[in-house]
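To start, the structure under review is shown below, and the notes come after it.
Number of protein chains: 2
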Amino acid sequence: MSLRYAVLGLLARRPSTGYELTQTFDRSLRSSWHARHSQIYPELAKLEAAALVEVVGLGARRSKTYAVTAAGRAELRRWLVEVEPDRSQRSESGLRLFLTPLLDPDDRQATYERDLAHVELELAALGEVQAGMQNAPEPEAFAPQVELGIRMNTVLRDWLREQIKASAT
Amino acid sequence: MSLRYAVLGLLARRPSTGYELTQTFDRSLRSSWHARHSQIYPELAKLEAAALVEVVGLGARRSKTYAVTAAGRAELRRWLVEVEPDRSQRSESGLRLFLTPLLDPDDRQATYERDLAHVELELAALGEVQAGMQNAPEPEAFAPQVELGIRMNTVLRDWLREQIKASAT
DNA sequence: AAATGACATGTCAAGACGTACATGTCTCAG
DNA sequence: CTGAGACATGTACGTCTTGACATGTCATTT
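In order, the protein sequence lines correspond to chains F and W. In terms of this note's numbering, the numbers along the first sequence are unbroken and rise by one, the last being 1420. In terms of this note's numbering, the numbers along the second sequence are unbroken and rise by one, the last being 1420.
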């Protein structure tokens, strides 16, 4: 059911078209919940049928802009506050990291270096988000979340560097 | 396809029964890949059909102990080293954290406190794993992975404490 | 000797998800 | 004025995952 609340949550931040949501899933949400447009459009239709979102405008190229309704906001709040979180994760990267000690030193080194390159890109991207945040419409509310992302990736980067250095001996 | 390699990887660490794998998925792997027994048993059957694992012993209560074959080890190595990782994540907790700024201060405080309680339990559990690691059969290989888990959760704990303190003002 | 509860393996139906297919619109370069 | 490419929405089929159902074993307690 998380997809439903991910969509509801993004629309609560700002009304959007399905296309825009797809891009947001790829950008801001890539590190917590991933979804394709083939899932997003049907979910929007279901949410509209349930009166949790509504079409608030038609744009160019047949685009429809959706916004949450009052009922949608209430449902989102209920889920965030009252529903017990499912803490289980699905992260291929995490699984790979967990299994890496099974590799012999050369292979291990190579995969750690691949990961390090990726984490550094991630950190650069988050740095830009943080820098570009002053001129956002509703600015400061999400700053701590970006900061958390940076701290997490920094820990991972440092750990990877240590592993690479340690096995280079 | 990750499930397949998760199973293969756990069996590469040590031969196990399906039941034991289920428990390991709940314990060690809960923070990277989650699976139920209803997925694990069929996957073991498929892996056996593909000759990537084999039954190496029958135990009490009809239990079967599986171990990876040479082909299984090679396939696991191939996946870890040569297949481009899928970096997309699915973490309900991450999604919740991302959406929390939408809540009003009281609700936000409550959810952060719920998360903090959980992270502290997690840290305690990881601390025990780390402490009990000296007397493990193959001891030190996975120590850095445990250490990473502790660091990640520590960052999250500190961040949550900051958020709670900041909005208590 | 029977009940209880942990151990242990399996299947099935429904729902979630990804890949590929399909269609149409608007802008801009050439 | 035409073709390329981004914009925009949708569907279909197959696979992955969950939750519920189903069955049987072994050790301990009563």
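Every residue gets a Cβ at the ideal spot worked out from N, C-alpha and C, and that includes glycine.
For residue i and residue j, I'd like the C-alpha separation in whole angstroms.
i	j	result
F:Ala1296	W:His1285	30 Å
F:Pro1395	F:Gly1308	32 Å
W:Gly1383	W:Ala1392	14 Å
W:Met1252	F:Thr1405	29 Å
F:Ser1457	W:Glu1379	Beyond the ends of chain F as shown, which are 1252 and 1420, falls residue 1457 of chain F; an answer cannot be given.
W:Pro1336	F:Glu1343	7 Å
W:Asp1300	W:Glu1271	Reading off the sequence, residue 1300 of chain W comes out as Ala, not Asp. The straight-line gap from Cα to Cα measures roughly 20 Å.
W:Ser1339	F:Ser1282	7 Å
W:Ser1279	W:Ala1376	10 Å
W:Arg1408	W:Arg1312	43 Å
W:Thr1320	W:Leu1327	11 Å
F:Gln1381	F:Leu1399	11 Å
W:Lys1416	F:Val1334	24 Å
F:Leu1254	F:Leu1411	32 Å
W:Ala1365	W:Ala1325	Here residue 1365 of chain W is Arg; the residue named in the question, Ala, does not match the sequence. Cα-Cα distance, rounded: 43 Å.
For residue i, decide whether its Cβ has a neighbour in chain W, counting only Cβ atoms nearer than 8 Å.
i	result
F:Gly1383	no
F:Leu1348	yes
F:Thr1362	yes
F:Gln1396	yes
F:Leu1354	yes
Skipping 5 residues on each side, what residues in its chain have a beta carbon closer than 6 Å to that of residue i?
i	result
F:Gly1323	Leu1259, Leu1303 and Val1304
F:Ala1257	Trp1284
W:Val1414	Residue identity check: residue 1414 of chain W is Gln in the sequence provided, not Val. For W:Gln1414, where only same-chain residues beyond five positions count, the Cβ hits under 6 Å are Tyr1363.
W:Trp1330	Tyr1256
F:Glu1373	Asn1404
W:Ser1418	Pro1356 and Gln1360
Comparing the C-beta of residue i with each C-beta of chain F, is any distance below 8 Å?
i	result
W:Thr1351	yes
W:Leu1372	no
If I measure Cβ to Cβ from residue i and keep anything under 7 Å in the same chain, skipping five residues before and after, which residues do I get?
i	result
F:Tyr1292	Gly1269
W:Thr1273	His1288 and Ile1291
In its own chain, which residues sit with a C-beta less than 8 Å from the C-beta of residue i, not counting the 5 before and 5 after it?
i	result
W:Ser1267	Leu1261, Thr1275, Thr1316 and Tyr1317
Item to complete: Using a Cβ-Cβ cut-off of less than 8 Å, give me the residues of the stretch 1314-1346 of chain W that come near chain F, in sequence order.
Response: Leu1327, Arg1328, Leu1331, Val1332, Pro1336, Asp1337, Arg1338, Ser1339, Gln1340, Arg1341, Ser1342, Glu1343, Ser1344, Gly1345 and Leu1346
Discussion item. Report the start-end ranges of each beta strand (DSSP E) in the stretch 1272-1353 of chain W that is 3 residues or longer and not cut off at the edges.
Written reply: 1304-1309, 1315-1319 and 1340-1342
Worksheet item: Using a Cβ cut-off of 8 Å, which residues of the stretch 1266-1299 of chain W contact any Cβ in chain F, in chain order?
Response: Ser1279, Leu1280, Arg1281, Ser1282, Ser1283, Trp1284 and His1285
Worksheet item: Using a beta-carbon distance cut-off of less than 8 Å, what residues from the stretch 1253-1266 of chain W approach chain F?
Response: Ser1253, Tyr1256, Ala1257, Gly1260, Ala1263 and Arg1264
Discussion item. Please list, in chain order, the residues of the stretch 1391-1416 of chain W that have any C-beta partner in chain F closer than 7 Å.
Written reply: Ala1392, Phe1393, Pro1395, Gln1396, Leu1399, Arg1402, Met1403, Val1406, Trp1410 and Gln1414
Practice prompt. Could you pull out every unbroken alpha helix (DSSP H) segment of at least 4 residues lying fully inside the stretch 1390-1420 of chain F, listed in chain order?
Written response: 1394-1419
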